[in-house]
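Novice: One structure follows; several queries about it will come next.
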Amino acid sequence: MNRIVAKRALAPQITMFEIEAPRLARRWRPGQFLILRPTSDSERIPLTFVDGNAARGTITIAVQAIGATTTQLSRLEPGDSIADLVGPLGEAAVMPKDSRVVVLGGGVGVAELLPVARAYRQAGNHVTALCGARSDSYRILDDELKTAVDVLEWATDDGTFGFHGNVVQMLLAKYKPGDFSEGHVIGPIPMMKAAAEATREWGLHLHASLNPVMIDGTGMCGGCRVTVGGQVMFACVDGPEFDAHKTDFDELARRNRAYRSQEQESLERHTCRIGLGSTNAD
Amino acid sequence: MATVNPRPKPNPKLPRQALPLLEPEKRSRSFEEVALGFTEDQVKIEALRCLQCQKPTCIDACPLHIDIKRFILRLAEGDYQGAHDVISEQSPFPGVCGRVCQHELFCEDACIVAKKWDPVAIGSLERFAADHARLRKPELHSEVVSQPGGPKVALVGSGPASLIAAYDLIRKGYQVSVFEALHKLGGVLAYGIPNFRLPRTILHEEIARLQRLGVEFFTDFIVGKTATLDDLFEEGYQAIFIGTGAGLPFLMGIPGENLVGVYTANEYLTRINLMEAYKFPEADTPVRVGKITYVIGGGNSAMDAARWSKRFGSDTSIMFRRGRAELRARLEEIEHAEEEGVKFHFLAVPVALHGDEHGHLKEMECIEMELGEPDESGRPRPVPKPGSNFRTPVDTVVMAIGQAPNPTLQKAVPQLITKRGKIVVNEEGATNLPNVFAGGDVVRGGSTVILAMRDGRAAADAIDKVLRGEGQ
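So, in structure tokens, the structure goes:
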């Protein structure tokens, strides 16, 4: 169960796994997520699907090693099994039709953007992907994105590839209101917030795929609650996709920082235990 | 070994034996079970208090119809394993039920002895029979592994309703599969009830009995998501029981409830019970328990959350909008909370929560209440006292104000008839869909373990009737 069949380093600290999960491979839709625990002591963490192949009976996820759990996961190798894996969770991405769509991804979010962007195009939309990375060597899944969308543009923070700046700055520099009627954004919270702010007057339906802290992922605990349009929603069952222009990103950021000190303690503990300090620094 | 004494003479005038408890001061920083269980000497006295009535009303009152009279007789005779065998005719969960069933509302409420004296302590005797069998009789673990060959039945959720249904169906020869969404089995028994009320070894061992009988368990499997009901039928399951529980917490709907430090009871208890945050950092999942905790609500979950907070060293109060007489929790739990130093603030309710510049809960604004005319629940309606607002410092608030049925499966099966989220069933537990049954909290809303078990048993009977072709 949940055996890793392939592992691919996409960029420093960003790893992609293909995992045996035949039922999830049959049932997943772009925009949905799963919850996993790398080991039987781990936290439960949500991860957005990157791909799924019903014929092979596998699903694909990407993970950035930031905390204890993502670091544990990143250390697993082909042949290892993931202790727990459950899904698919949440609602699938809303599919516009015959629209000009812009999709914005940052960091590991670029991997999570891929299936949604591909599905948009397959549904008959014209898709422009604006993807961001810290630097040229951090760009991920470039080949896959090229075949999935109509237009692909990269922005790097240090200007080593493509636009010099972040994706929202690139959007503002190269495009104008009216260029797109639909959009999707996935990435770090400050980036999603900036994308929402930048396009507030664009007449664009911008969908954000949110990433709050979750436990069960079925509406049971309420830990993932977010405020959208003044209403409290559960991201696991009502989302994870919400109207970016109505989402309270500041609250989401505060809630996601709630366990920062414990997360640090946990990470240090795991780093000591498995000697990650040196390999993580490169 | 105790000798078997053929006809012990009942003596109901003996004092009802009190369940020995861990001393309150020892509980405050320990995660061990609070109730310690009867000694053998106590069992000898308590079992003799049973009159062995001609018409034992306790058995009718028990939702599982355990032969209480006979198992107590076995205990009186010193045949502890025999007592466990009698209970096992109806229930494989005496360790769980001996701890969490509300005996005071069922068997002990019906006990004839109570007409003149205190009722027989049936719950504590059940628990003794379970613990004795578990701790001292390893042969229990060699129960026959059966190879059922009958039709396949799927049970959705691994809480009390499905567990008893699994026991009944496997003994009738069905092939039984239980599908659990979480990574551990037991449903509310695993995520909701604290270890200090129900040690997990007991839960695991009683579930292991079902596994030895041939019940198959699948964790990390969400029916409605991982597979649909139709998928299960296509895979050969001939009947499905939905026992997915009441996992959708109510919120207070007041400003500030998304501040850091504000939890639903479900999240708080799940972090601690299921994810074992009390072991952090040995377990990876943390929980934030501040210096001052307020738990809002008056039910068993409120007591559980407050008693956990105390164990984390937090100055803990329960705030309830009505008075002590209107608390819904078991008296035993209320008393244990009081012994452990949980404070109660009655006749008040929060109206707003205030945070600091980081969005962390800092202060709670409340209003005092007074009791008015009875409402739909029959309890006096709490009415706010105008101008009585007050503020109090707090850094953890737990909302334990009830829950609705978990909507995951219902959302995936829109043709299933529901009312306010609860699945609608007939008296046999049948839903509007053929060969689909439901019971427990997904039908009742927030109810109890033992009533969920009663539903699971009724549904197992109905499933057996349908699959034997006796019509629905």
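Chains A and B supply the protein sequences, listed in that same order.
Residues in the first sequence are numbered from 3 upward in steps of one, following the numbering used here.
Residues in the second sequence are numbered from -9 upward in steps of one, following the numbering used here.
The beta carbon of each residue, even a glycine, is placed where N, CA and C say it ideally should be.
1. Contact between the stretch 303 to 321 of chain B and the stretch 416 to 427 of chain B: three or more CB pairs below 8 Å?
2. Give me, in chain order, the residues of the same chain whose beta-carbon lies closer than 8 Å to that of A/Ala27; leave out the 5 immediate sequence neighbours on both sides.
3. Once the 5 residues before and after B/Gly214 are set aside, which same chain residues still bring their CB inside 6 Å of it?
4. Starting from the beta carbon of B/Gly237, find every residue of chain A whose beta carbon is closer than 9 Å, and list them in chain order.
5. Can you round the beta-carbon distance between A/Glu20 and A/Ala8 to whole angstroms, since I take them to be within the 8 Å contact cut?
6. Would DSSP call B/Lys455 helix, strand or coil?
7. Note the first and the last residue of the continuous beta strand (DSSP E) segment covering A/Met18.
8. Counting Cβ pairs closer than 8 Å, one from the stretch 340 to 355 of chain B and one from the stretch 215 to 228 of chain B, do we hit at least three?
9. Let me know if A/Gly205 comes out buried or exposed under the rule of 16 or more other beta-carbons within 10 Å of its beta-carbon.
10. What does DSSP give as the partner residue(s) for A/Gln233 in the beta ladder?
11. So what's B/Arg19 in DSSP terms, helix, strand or just coil?
12. At a cut-off of 8 Å, would you count B/Gly235 as near the ligand ADP, judging by its Cβ distance to the nearest heavy atom?
13. Is B/His173 close to chain A, meaning its C-beta is less than 9 Å from at least one C-beta of that chain?
14. Look at the alpha carbon of B/Val387 and the alpha carbon of B/Ala273, and state the distance between them as a whole number of angstroms.
15. Could you check whether A/Phe165 and A/Asp138 sit closer than 9 Å to each other, using their CB atoms as the reference points?
16. What is the residue span of the alpha helix (DSSP H) that B/Lys300 lies within?
17. Find the residues of chain B that neighbour A/Ser76, judging by a C-beta separation of less than 7 Å, and give them in chain order.
18. Note down, in chain order, each residue of its chain lying with its Cβ closer than 6 Å to the Cβ of B/Arg199, except the 5 sequence neighbours on either side.
19. Rounded to a whole number of angstroms, what is the C-alpha to C-alpha distance between B/Leu172 and B/Val166?
20. Run the CB neighbour count on B/Pro2, radius 10 Å, all protein chains shown included, and call it buried at 16 or more, exposed below.
21. What would DSSP say about B/Glu170, mapped onto helix, strand or coil?
22. Assuming A/Phe35 contacts A/Pro24 under a Cβ cut-off of 8 Å, what Cβ separation, rounded to an integer in Å, is found between them?
23. Are the C-beta of B/Asn256 and some C-beta of chain A separated by less than 9 Å?
24. Within the continuous alpha helix (DSSP H) that includes A/Asn207, where are the two ends?
25. With a threshold of 9 Å between beta-carbons, can A/Gly279 be considered close to chain B, or not?
26. Would you say the stretch 304 to 311 of chain B touches the stretch 319 to 338 of chain B, given that touching needs at least three Cβ pairs under 8 Å?
27. Could you check how far apart the C-beta atoms of B/Leu63 and B/Ala180 are, in whole angstroms? I think they sit under 8 Å.
28. Checking contacts by CB at 9 Å: is A/Thr50 closer than that to chain B?
29. Which term fits B/Phe380, buried or exposed, when burial requires 16 or more other beta carbons within 10 angstroms of its beta carbon?
30. Please report the residue range of the alpha helix (DSSP H) in which B/Pro99 lies.
31. With a threshold of 8 Å on Cβ separation, who are the neighbours of B/Leu54 within its own chain once the five nearest residues in sequence on each side are excluded?
32. Leaving aside the five residues before and after A/Thr73 along the sequence, list all residues of the same chain whose C-beta is less than 7 Å from its C-beta, in chain order.
33. Looking only at C-alpha atoms, which of B/Pro372, B/Leu65, B/Gly435 sits nearest to B/His122?
34. According to DSSP, which residues form a beta bridge with A/Cys223?
35. Using a C-beta to C-beta distance shorter than 7 Å, which residues of chain B count as neighbours of A/Pro90?
36. Alpha carbon to alpha carbon, what distance is there between A/Leu116 and A/Gln124?
Specialist: The short version:
1. no
2. Sequence index remark: in the first sequence, residue 27 of chain A carries index 25 (1-based). Excluding residues within five positions, the ones whose Cβ falls inside 8 Å are Gly54, Asn55, Ala56, Arg58, Gly59, Thr60, Ile61.
3. Along the second sequence, one-based indexing puts residue 214 of chain B at 224. Taken in chain order, the residues that qualify are Thr398, Leu399, Ala402.
4. Counting from one through the second sequence, the residue named residue 237 of chain B turns up at place 247. Within chain A, the residues near B/Gly237 are Asp218, Thr220, Gly221, Met222, Cys223.
5. Locating residue 20 of chain A in the first sequence gives position 18, where the first residue counts as 1. Locating residue 8 of chain A in the first sequence gives position 6, where the first residue counts as 1. That pair is a contact at about 4 Å.
6. In the second sequence, residue 455 of chain B corresponds to position 465, counting from 1. Of the three classes helix, strand and coil, the one that applies to B/Lys455 here is helix, per DSSP.
7. Counted from its first residue, the first sequence places residue 18 of chain A at position 16. Run containing A/Met18: 16 to 22, per the beta strand (DSSP E) assignment.
8. They do not touch, by the three-pair rule.
9. For the purposes of this step, residue 205 of chain A is taken as the residue at position 203 of the first sequence. Counting Cβ neighbours within 10 Å, A/Gly205 comes out exposed, since fewer than 16 surround it.
10. For the purposes of this step, residue 233 of chain A is taken as residue 231 along the first sequence, with counting starting at 1. Partner(s): A/Val230.
11. As a position in the second sequence, residue 19 of chain B is number 29, starting the count at 1. B/Arg19 carries a coil assignment under DSSP once its states are collapsed to helix, strand and coil.
12. Looking for the ligand ADP in the displayed structure turns up nothing, as the structure carries no ligands at all.
13. Here residue 173 of chain B is taken as the residue at index 183 of the second sequence, counted from 1. With 9 Å as the cut-off, B/His173 counts as an interface residue toward chain A.
14. What you label residue 387 of chain B is simply residue 397 of the second sequence in a count that begins at 1. What you label residue 273 of chain B is simply residue 283 of the second sequence in a count that begins at 1. Rounded to the nearest angstrom, the two C-alpha atoms are 23 Å apart.
15. Here residue 138 of chain A corresponds to residue number 136 of the first sequence, with the count starting at 1. Here residue 165 of chain A corresponds to residue number 163 of the first sequence, with the count starting at 1. Not a contact, by the Cβ cut-off of 9 Å.
16. On the second sequence, position 310 is the one that residue 300 of chain B refers to. Unbroken alpha helix (DSSP H) run through B/Lys300: 290 to 301.
17. Along the first sequence, read from residue 1 onward, the residue named residue 76 of chain A stands at position 74. Residues of chain B passing the Cβ test: none, with the nearest at roughly 15 Å.
18. On the second sequence, position 209 is the one that residue 199 of chain B refers to. Pro82, listed in sequence order.
19. Position 182 of the second sequence, counting from 1, holds the residue named residue 172 of chain B. Position 176 of the second sequence, counting from 1, holds the residue named residue 166 of chain B. Rounded to the nearest angstrom, the two C-alpha atoms are 19 Å apart.
20. Counted from its first residue, the second sequence places residue 2 of chain B at position 12. Its Cβ being crowded by 16 or more others within 10 Å, B/Pro2 is buried.
21. Taking the second sequence and counting its residues from 1, one reaches residue 170 of chain B at position 180. If DSSP states are grouped into helix, strand and coil, B/Glu170 belongs with coil.
22. Along the first sequence, one-based indexing puts residue 35 of chain A at 33. Along the first sequence, one-based indexing puts residue 24 of chain A at 22. Contact between A/Phe35 and A/Pro24 is ruled out by a C-beta separation of about 18 Å, above the 8 Å threshold.
23. By 1-based counting over the second sequence, the position of residue 256 of chain B is 266. Taking Cβ atoms only, chain A reaches closer than 9 Å to B/Asn256, which makes this a yes.
24. Working through the first sequence from its first residue, we reach residue 207 of chain A at position 205. Residue 207 of chain A is actually His in this sequence, not Asn. DSSP places A/His207 outside any alpha helix (DSSP H); the residue lies instead in the beta strand (DSSP E), whose first and last residues are 207 to 211.
25. For this step, residue 279 of chain A is matched to residue 277 along the first sequence. Reliability fails at A/Gly279, whose pLDDT of 44 lies under 50, so the model's placement of it is uncertain and the value that follows must be treated cautiously. So no, A/Gly279 is outside the interface.
26. yes
27. Locating residue 63 of chain B in the second sequence gives position 73, where the first residue counts as 1. Locating residue 180 of chain B in the second sequence gives position 190, where the first residue counts as 1. Going by Cβ atoms, the distance from B/Leu63 to B/Ala180 rounds to 34 Å, so no, they are not a contact pair.
28. Looking up residue 50 of chain A in the first sequence gives position 48. Closer than 9 Å: no.
29. Taking the second sequence and counting its residues from 1, one reaches residue 380 of chain B at position 390. Per the 10 Å Cβ criterion, exposed.
30. Residue mapping note: residue 99 of chain B aligns to position 109 of the second sequence, counting from 1. For the record, residue 99 of chain B in the displayed sequence is Asp; it is not Pro. From DSSP, the alpha helix (DSSP H) with B/Asp99 extends over 97 to 100.
31. Residue 54 of chain B sits at position 64 when you count from the first residue of the second sequence. The residues are Gln80, Ser81, Cys87, Ile154, Ile440, Met443, Arg444, Arg447.
32. Translated into positions along the first sequence, residue 73 of chain A becomes position 71. Closer than 7 Å at the Cβ level, and outside the excluded window around A/Thr73, lie Ala67, Leu269, His272, Leu278.
33. The sequence position of residue 122 of chain B within the second sequence is 132, counting from 1. Its Cα nearest to that of B/His122, the residue B/Leu65 stands out among B/Pro372, B/Leu65, B/Gly435.
34. Taking the first residue of the first sequence as 1, we reach residue 223 of chain A at position 221. According to DSSP, A/Cys223 bridges with nothing at all.
35. Taking the first sequence and counting its residues from 1, one reaches residue 90 of chain A at position 88. Near A/Pro90 (Cβ distances below 7 Å), the residues of chain B are Lys215.
36. Translated into the one-based positions of the first sequence, residue 124 of chain A becomes position 122. Translated into the one-based positions of the first sequence, residue 116 of chain A becomes position 114. Each residue's alpha carbon lies about 12 Å from the other.
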